[in-house]
Amino acid sequence: MTSDPAAPDAPAVFLFRQEVSDDKLHMHSLYARIKILTEKGKDNADVEIPYEGRSFSIRGIQGRTIHSDGTVIPFTGKPIEKLLLKQGNVREMAKVFSLPDVQVGSIIEYEYVLAYEDGYAVPPRWYIQQLLYVHKAHYHFNPTQRELTSNSEHGNTVVGLMYTPMLPPGAQVRSGLDGYDLTIEKVPAMVDEEYMPPMESFSYRVLFYYSSYRSGDEFWKQQGKYWSKNMDRFAQPSAKVQAVVQQIVAPSDTQEQKLRKIYAAVMQLENTSFTREHSAAENKAEGLKIKTADDIWEQKRGNSDELTLLFIALTRAAGMKAYAMAVTNRNSGLFVQSYLDWDQLDDDIAIVPLNGKEIFFDPGQRYCEFGKLHWKHTFVQGVRQVEGGIAIAESNGMTYADTSIVRFADLTLNEDGKLQGLIRITFTGGEALRWRQHILKTDDEEAKKDIQDELQKEMPADVILKTNHFLGATDYDHPLMVIFDVSGSMGTATGKRVFLPGSFFEANAKPLFVHEKRENPVDLRFPYLLRDTVTLALPTGFAVESVPKDVEIPLPQFADFVSKYKGTDTVYAYGRLLVVALCGEGISAGQGFLR
4 MTSDPAAPDA
14 PAVFLFRQEV
24 SDDKLHMHSL
34 YARIKILTEK
44 GKDNADVEIP
54 YEGRSFSIRG
64 IQGRTIHSDG
74 TVIPFTGKPI
84 EKLLLKQGNV
94 REMAKVFSLP
104 DVQVGSIIEY
114 EYVLAYEDGY
124 AVPPRWYIQQ
134 LLYVHKAHYH
144 FNPTQRELTS
154 NSEHGNTVVG
164 LMYTPMLPPG
174 AQVRSGLDGY
184 DLTIEKVPAM
194 VDEEYMPPME
204 SFSYRVLFYY
214 SSYRSGDEFW
224 KQQGKYWSKN
234 MDRFAQPSAK
244 VQAVVQQIVA
254 PSDTQEQKLR
264 KIYAAVMQLE
274 NTSFTREHSA
284 AENKAEGLKI
294 KTADDIWEQK
304 RGNSDELTLL
314 FIALTRAAGM
324 KAYAMAVTNR
334 NSGLFVQSYL
344 DWDQLDDDIA
354 IVPLNGKEIF
364 FDPGQRYCEF
374 GKLHWKHTFV
384 QGVRQVEGGI
394 AIAESNGMTY
404 ADTSIVRFAD
414 LTLNEDGKLQ
424 GLIRITFTGG
434 EALRWRQHIL
444 KTDDEEAKKD
454 IQDELQKEMP
464 ADVILKTNHF
474 LGATDYDHPL
484 MVIFDVSGSM
494 GTATGKRVFL
504 PGSFFEANAK
514 PLFVHEKREN
524 PVDLRFPYLL
534 RDTVTLALPT
544 GFAVESVPKD
554 VEIPLPQFAD
564 FVSKYKGTDT
574 VYAYGRLLVV
584 ALCGEGISAG
594 QGFLR
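The numbering of the sequence shown is our numbering, which starts it at 4 and goes up by one.
In structure tokens form, the structure reads like this:
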């Protein structure tokens, strides 16, 4: 068997998969039986088992490889301990091992037990869809019967077990005296497609949790109160914060001027989410503590959420209202209100009423523009403060005018086909933020190489780019500009003619959405405007014989595409404009962009 009709072109398939969780015995176990169908499928012989250190351990690891002739080769090695993450008191570990002599046509089997301390209850999360097709799977959970208190719900007594199912039609979790069971067959693999939303938010799964609340409304209301109280405690406009504000703003400033000065002051502080988190021991050695906004201002550094709360505290001290909102990072997940878990909410943003309108701010995102959000915090639900309480709400979004990419190429072609010139690209909004944060996390030279590599993939063959420099890399109030030097050659000579690519930018770009069938929803992340202008000076004696036809493809209320071409005895030029907008935004950007 080297292919499977149920999963054509699959590198491997699960023949059977079983997860058993027992909170009475304090253990989870997993068994997997996988058929290897191609060379790529042999990658499944490398197994990584993640777990949280200290209170959890992996034991009972067994495995074997069964060849197509029936030969059995047991795993006799020793798993390797691997540190995945160490942050504060959290240590994420993994056991790593490889099954022996795996070949195309082999079957591999492995199993292990995750054990945890007696004081813990760890309800399972059954992620039914895998990266491979699953012929059959069985899941079982035996919950504890002892009285529990929920640390994540402020020590409240647990009143029951809940679960949130997202399953295909016909599949159903069954409960009995010995716990909960699910048997499922023919589960399609998660398909890796371009522009996918976070698939954990869409894939088939069942999430169990013990709760001290009996309904979703009660959970979000009460947990929101705890959260809001903590936000207000941290962001209290103390006497020290008020004194700081008096140094930042002037009494004659308008509210917007005050906000801009406060926002700029927060942006000047070190954001440890983009540099390096400082441990509790380091802070203690420096005599620092982190309890309120006072401490963040005093030490001139904080993580993304702490800087957001400092912004709220300073704004309140300036006599304005400011509210906190906890949101999901939609680059990694989506908020599910029926799933009663506060950990869905990743980050904090700020909301300030200004001139009769609520403005959303993201001061925890280094170099984010004033009055804008990082795209991962736009159009997402979360919990926000309102007058007298909290509410489930949605953050605002972006329009295509908020993010622009303007690319200009000034090129000269010599008689021998050699090319020289420069490219100037100007970014605003989401794209400017992406590259500014990338420069911050790496360094200027590495960022130059990365942006050069990204653009080089789209260039015509034999065109060579070299990043010259960035302008405005740390100035979020102005566009970010990147200058490239262009060299190499371009064009194919045949007799008396030279054939040049009609497009320069994206001449070698791969088309998107080319497959007849799409498995997943499409997430374009944020609207934007892309404008290209290219001028190519021709050698003496050359003349443009023909140019591509002009194109206009309007998609009213959603998008617009225009490209126009001109040729003379001395110059070939073209302009291209693409607008990806929101429904109802209204587009009129394609008029007269190439004269």
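Glycine residues also receive a C-beta, built at the ideal position from the N, C-alpha and C atoms.
Item, Value
"Where does the unbroken beta strand (DSSP E) through T318 begin, and where does it stop?", "No beta strand (DSSP E) contains T318, which is instead part of the alpha helix (DSSP H) from S307 to A320."
"Mind checking whether L580 and R534 have CB atoms under 8 Å apart?", "yes"
"For S490 versus Q423, is the C-beta distance shorter than 8 Å?", "yes"
"Among P200, G498 and G227, which has the Cα closest to the Cα of R528?", "P200"
"Using a 10 Å radius around the Cβ and a threshold of 16 neighbouring Cβ atoms, would you call G432 buried or exposed?", "buried"
"Could you compute how far the alpha carbon of Q133 sits from the alpha carbon of V209?", "13 Å"
"Within 10 Å of its beta-carbon, does H377 have 16 or more other beta-carbons around it, so buried, or fewer, so exposed?", "buried"
"In or out: T318 buried (at least 16 other Cβ within 10 Å) or exposed?", "buried"
"In whole angstroms, what is the alpha-carbon distance linking Y577 and D413?", "11 Å"
"Could you tell me which uninterrupted beta strand (DSSP E) segments, each at least 3 residues in length, are contained entirely in the segment 407 to 483, listed from first to last along the chain?", "407 to 416, 422 to 430 and 466 to 474"
"Beta strand (DSSP E) containing Q65: first to last residue?", "F59 to I69"
"Quick check on N332: does DSSP put it in helix, strand or coil?", "coil"
"Roughly how many angstroms separate the alpha carbons of R128 and D456, rounded to a whole number?", "39 Å"
"What residue range does the beta strand (DSSP E) around I76 cover?", "V75 to P77"
"Assuming F2 contacts V50 (C-beta within less than 8 Å), just tell me the rounded distance between them.", "Only positions 4 to 598 of the chain appear in the structure, and residue 2 is not among them; the question remains open."
"Give me the Cα-Cα distance between P126 and Q225, rounded to the nearest whole angstrom.", "22 Å"
"In the DSSP assignment, find the unbroken beta strand (DSSP E) run with Q21 in it and report its ends.", "A15 to D25"
"Drop a sphere of 10 angstroms on the beta-carbon of Q368, count the other beta-carbons inside from all chains shown, and report buried for 16 or more, exposed for fewer.", "buried"
"So is H31 buried or exposed if we call it buried at 16+ other beta carbons inside 10 Å?", "buried"
"Can you check which of these residues, D405, P524, V537 and G494, is closest to D480 by C-alpha distance?", "D405"
"Tell me the DSSP bridge mates of P127?", "Note: P127 sits in no beta bridge, so no partner."
"Would S341 pass as a contact of G163 if the rule is Cβ separation under 8 Å?", "no"
"Hey, could you find the ends of the beta strand (DSSP E) G570 is sitting in?", "A562 to G570"
"Name the one or two DSSP bridge partners that P168 has.", "V209"
"Quick one: what does DSSP say A9 is sitting in, helix, strand or coil?", "coil"
"What three-state label does DSSP hand M234 in the structure shown?", "helix"
"For the beta strand (DSSP E) that I299 lies in, which residues bound it at each end?", "Element bounds for I299: not the beta strand (DSSP E) but the alpha helix (DSSP H), A296 to Q302."
"Taking the alpha-carbon of V194 as reference, which of L272, H70 and R521 has the nearest alpha-carbon?", "R521"
"Under the assumption that K85 contacts M96 (Cβ atoms under 8 Å), give the Cβ distance between them as a whole number of angstroms.", "7 Å"
"Going by CA-CA distance only, name the one from M462, P463 and I442 that's closest to D453.", "I442"
"Following the continuous beta strand (DSSP E) through Q384, name the residue where it begins and the one where it ends.", "Q384 to V389"
"Might you give, ordered along the chain, the residues of its own chain that have their beta carbon closer than 6 Å to the beta carbon of G593, omitting 5 neighbours on each side?", "With a pLDDT of 44 at G593, under the threshold of 50, the modelled position of that residue is not reliable, and no figure is offered here."
"Near I315, what residues of its chain come up, given a Cβ to Cβ distance below 7 Å and the 5 sequence neighbours on each side ignored?", "A238, A325, A327 and A353"
"Tell me which residue opens and which closes the beta strand (DSSP E) that R263 is part of.", "Element bounds for R263: not the beta strand (DSSP E) but the alpha helix (DSSP H), Q258 to M270."
"Pull the bridge partners of S101 from the DSSP assignment, please.", "D49"
"By alpha-carbon positions, which one of A10, G66 and M493 ends up nearest to K189?", "A10"
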